[in-house]
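Heads up: the structure comes next, in structure tokens.
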Amino acid sequence: MKIKSAKIYHIVLPMKFAFVTGFGEIKERDAVLVRLETSDGVVCWGESAALAAPLYLEETVQTCIHILKDFLLPRLKERDISPEEFAQEIGFIRGNNLAKHGVETALWSIKSEMEGKSVSHLLGGVREGVPVGESVGMTETVEQLLAIVQKRLDEGYQRIKLKIKPGHDFDYVKSVRDAFPKIQIMVDGNSSYKLSQIDDLKRLDELDLLMMEQPLGYDDIVDHAKLQKEIRTPICLDESIIHAEDARKAIELGACKVINVKPGRVGGLVESKKINELAKKHGIRLWCGGMLETGIGKAYNLAVASLSEFSLPADIVPTTTFFNEDVTVPDLVVSNKGEIEVPKTAGLGFEVREDKVQKYLRGEWTVF
Ligand code: OSB
Ligand code: MG
67 MKIKSAKIYH IVLPMKFAFV TGFGEIKERD AVLVRLETSD GVVCWGESAA LAAPLYLEET
127 VQTCIHILKD FLLPRLKERD ISPEEFAQEI GFIRGNNLAK HGVETALWSI KSEMEGKSVS
187 HLLGGVREGV PVGESVGMTE TVEQLLAIVQ KRLDEGYQRI KLKIKPGHDF DYVKSVRDAF
247 PKIQIMVDGN SSYKLSQIDD LKRLDELDLL MMEQPLGYDD IVDHAKLQKE IRTPICLDES
307 IIHAEDARKA IELGACKVIN VKPGRVGGLV ESKKINELAK KHGIRLWCGG MLETGIGKAY
367 NLAVASLSEF SLPADIVPTT TFFNEDVTVP DLVVSNKGEI EVPKTAGLGF EVREDKVQKY
427 LRGEWTVF
């Protein structure tokens, strides 16, 4: 097997509604897709889940395209290379984790097709179904919020994540807690607070929250450790964990009790697996986050979420929650147990509809 062609597609999927967070709004979802084809005619896809603007991580759609086109994909030409070898080989390239993930994921599909085993199986996944929750963006009114939460609970989601920011927290979250006294609720601050606002965060302790995700600086672990000493609610880190070494340091410092592993943010499945090992050793709980990926990115997220320490509900939702249409079929389904099935077949586990890629296309590049 040799890789004989590498292409990049930039697509834009319209969203059903704006997703409002502490870092800003997402009104339409850009996606950067990687398509590799081997000498045996196997076609595999990966996704770099960058946003259009550097609001959540510093990478953007354009930086991803640049790194993919000029640094990562040219290395694959006429090569027979495993995802593990690739991850090792590009270790010298600093940052740009979302771009790296786009290539590594496509290589996992190739490996999976070659060996006839699912990506979850290759990673050592232990779960057939992944418990899932839903991330609810900020709404203008409490009535709108309660209606969405009710709808999501009816759809079977196991926990509700509420986006918060200073001035838009306690009353907002309390209204959901009062309306639904028994459900699992967590909050995500997306780095919109400072330690000096600790009193606002302490107040949330009385709402019996499952966890509080990344309230402080996007590159901070020191202040999160100080905060964790002052609050009962477990802190979950998202933005500040960009590789396994960060996770080790955060755990040592007591900066979190939970980690949201987004395979893209940590630069791939190899790194996600390292965090799984670390969490097992230190008794930290994990769950798989999401970045409003297309079905391509979600398929790999499901494989990661099947690893042993990913016991908490994942932010993995059917496409129809946020979008009208996706580039993959069939859509994910939330079972009556509140779980989404992990793909069991070799490859991505979903069909990529190239006609849909064309329908939403903004740009395409043939690297070789
Ligand atoms: O902080 O978890 C986040 C989406 C884009 C960027 C950051 C975040 C999110 C989400 C979406 O919360 C969760 C999902 O993909 O379902
Ligand atoms: Mg988050």
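All residue numbers for the sequence shown refer to our numbering, where the first residue is 67 and numbers rise by one.
Built from N, CA and C at the ideal position, the CB exists for glycine as well.
Everything numeric in this text was worked out from a predicted model, so none of it was measured.
| Item | Value |
| --- | --- |
| Is any non-hydrogen atom of the ligand OSB found closer than 7 Å to the C-beta of Ser201, if you look at the structure I gave you? | yes |
| Leaving out the 5 sequence neighbours to the left and right, which residues in its chain are closer than 6 Å to Asp244 when beta-carbon positions are compared? | none |
| When you compare only the Cα positions, how much space is there between Gly356 and Asn367? | 8 Å |
| Within a Cβ cutoff of 6 Å, which residues of the same chain sit near Gly429, ignoring the five residues on either side of it in sequence? | His76 |
| Starting from the Cα of Pro329, find the closest Cα among Ser338, Lys323 and Val198 and give me that residue. | Ser338 |
| Anyone know if the C-beta pair for Ser257 and Gln280 falls short of 8 Å? | yes |
| Does the Cβ-Cβ distance between Met277 and Pro300 come in under 8 Å? | yes |
| Per DSSP, what kind of secondary structure is Ala12 in: helix, strand or coil? | Beyond the ends of the chain as shown, which are 67 and 434, falls residue 12; an answer cannot be given. |
| Mind listing, in chain order, the residues whose beta carbon lies closer than 6 Å to a non-hydrogen atom of the ligand OSB? | Tyr122, Ser201, Asp254, Asn256, Asp304, Gly355, Gly356, Met357, Leu358, Asp381 and Val383 |
| Taking 7 Å as the cut-off, is the beta-carbon of Glu279 closer than that to any non-hydrogen atom of the ligand MG? | yes |
| Just the Cα atoms here: how many angstroms apart are Arg419 and Lys73? | 15 Å |
| Which of helix, strand or coil does DSSP assign to Arg314? | helix |
| Taking 8 Å as the limit between beta carbons, can you name the residues of its chain near Lys268, skipping five residues before and five after? | Glu296 and Ile297 |
| Would you check if the stretch 368–383 and the stretch 400–413 touch, i.e. whether three or more CB-CB distances between them fall below 8 Å? | yes |
| Who pairs with Arg225 in a beta bridge, going by DSSP? | Gln250 |
| Relative to the C-alpha of Pro384, which candidate in Leu358, Phe85, Pro120 and Asp286 has its C-alpha closest? | Leu358 |
| With a Cβ-Cβ cutoff of 8 Å, do Ile251 and Leu275 count as a contact? | yes |
| Would the stretch 110–118 and the stretch 86–100 be scored as touching if the rule is three or more Cβ pairs under 8 Å? | yes |
| Helix, strand or coil for Asp266, going by three-state DSSP, please let me know. | helix |
| Does the contact criterion of 3 or more C-beta pairs under 8 Å hold for the stretch 280–289 versus the stretch 300–312? | yes |
| With a Cβ-Cβ cutoff of 8 Å, do Ser241 and Leu212 count as a contact? | yes |
| Is any heavy atom in the ligand MG found nearer than 7 Å to the beta carbon of Asn326? | yes |
| In the structure shown, what three-state DSSP assignment does Leu358 receive? | coil |
| Are the CB atoms of Ala412 and Ser184 within a distance shorter than 8 Å? | yes |
| Looking at the unbroken beta strand (DSSP E) that takes in Asp136, where does it start and where does it end? | First-last for Asp136: undefined, no H or E at that position. |
| What is the DSSP secondary structure of Cys454, counted as helix, strand or coil? | Absent from the structure is residue 454, since the part of the chain shown begins at 67 and ends at 434. |
| Across which residues does DSSP place Thr207 in a beta bridge pair? | Answer is none; Thr207 lacks a bridge partner. |
| Mind checking whether Ala369 and Ser148 have CB atoms under 8 Å apart? | no |
| What residues in its chain sit with their C-beta under 6 Å from that of Tyr122, if we drop five residues either side in the sequence? | Phe89 |
| Would you report the Cα separation of Lys323 and Arg351, rounded to the nearest angstrom? | 7 Å |
| When we look at the beta-carbon of Asn390 and count the other beta-carbons within 10 Å, is it buried (16 or more) or exposed? | exposed |
| Could you tell me the alpha carbon to alpha carbon distance between Glu155 and Trp111, rounded to whole angstroms? | 20 Å |
| Taking only the alpha-carbon atoms, compute the straight-line gap between Val86 and Glu206 and give it to the nearest angstrom. | 10 Å |
| Could you tell me the distance, in whole angstroms, from the CA atom of Ile287 to the CA atom of Glu311? | 12 Å |
| Looking at Ile226: is its Cβ nearer than 8 Å to the Cβ of Gly255? | no |
| Which first and last residues belong to the alpha helix (DSSP H) in which Arg101 is found? | Not the alpha helix (DSSP H): Arg101 falls in the beta strand (DSSP E), residues Gly90 to Thr104. |
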